[in-house]
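Single-structure report; data block below.
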Amino acid sequence: ELYGMESPQALEVFETADNISGIGPKAALLIASLGSMEQLKAAIEKGDVAYFAKVHGVGQKKIQKIILELTGKLKSLGQRKAKSPEDKEAMDALLALGFSSSKAREALSHLPANLSSSEEKVRGALKAMRAA
Numbered sequence: 001e002l003y004g005m006e007s008p009q010a011l012e013v014f015e016t017a018d019n020i021s022g023i024g025p026k027a028a029l030l031i032a033s034l035g036s037m038e039q040l041k042a043a044i045e046k047g048d049v050a051y052f053a054k055v056h057g058v059g060q061k062k063i064q065k066i067i068l069e070l071t072g073k074l075k076s077l078g079q080r081k082a083k084s085p086e087d088k089e090a091m092d093a094l095l096a097l098g099f100s101s102s103k104a105r106e107a108l109s110h111l112p113a114n115l116s117s118s119e120e121k122v123r124g125a126l127k128a129m130r131a132a
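The numbers in UniProt numbering rise by one with no breaks, and the one at position 65 of the sequence shown is 65.
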């Protein structure tokens, strides 16, 4: 199936929610379309179950799980850094190897700053994913 997002932030929320165990792409799409990134962050910080109750087919326990899982990822949501050409090449290489964009992005975000070439970044990301 093909899903489209209106902004990179909505895509990031969709991918993060879709990676939560028990949440499928349709529920993740509904979560991504609930509101702005600021509204989502505020709802997660407050533990606002009512905010997520608008997602049909997701019960109270699942909503609590969504809030719990997204709380740990709250800091990284919406914090996109400007990417260098090497970062983009490394991301493209990881995607070509079959990794999801969220896993590739997470692995690349934890690399030391001294890695400058795209090859070093891909190698470092692969090592990080293997160790995880």
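We put the CB at the ideal spot given by N, CA and C, even for glycine.
Rounded to the nearest angstrom, what separates residue i and residue j at their Cα positions?
{"i": "L126", "j": "E15", "result": "20 Å"}
{"i": "L11", "j": "K41", "result": "15 Å"}
{"i": "S33", "j": "H110", "result": "28 Å"}
{"i": "Q9", "j": "S36", "result": "8 Å"}
{"i": "L115", "j": "K65", "result": "36 Å"}
{"i": "D92", "j": "E6", "result": "21 Å"}
{"i": "G124", "j": "R130", "result": "10 Å"}
{"i": "K54", "j": "N19", "result": "20 Å"}
{"i": "residue 168", "j": "G4", "result": "A question about residue 168 goes unanswered here, because the residues of the chain that appear run from 1 up to 132."}
{"i": "A113", "j": "A128", "result": "14 Å"}
Is the Cβ-Cβ distance between residue i and residue j less than 9 Å?
{"i": "G57", "j": "K83", "result": "no"}
{"i": "L94", "j": "L108", "result": "yes"}
{"i": "I67", "j": "G47", "result": "yes"}
{"i": "Y51", "j": "Q60", "result": "no"}
{"i": "A43", "j": "A28", "result": "no"}
{"i": "G22", "j": "K73", "result": "no"}
{"i": "E45", "j": "T71", "result": "yes"}
Closer than 9 Å, CB to CB, is residue i near chain C or not?
{"i": "A93", "result": "In the structure shown, chain C cannot be found, because there is only a single protein chain."}
For the 8 Å Cβ check, are there 3 or more pairs between the stretch 112-123 and the stretch 86-99? By the criterion of at least three beta-carbon pairs nearer than 8 Å, the stretch 112-123 is in contact with the stretch 86-99.
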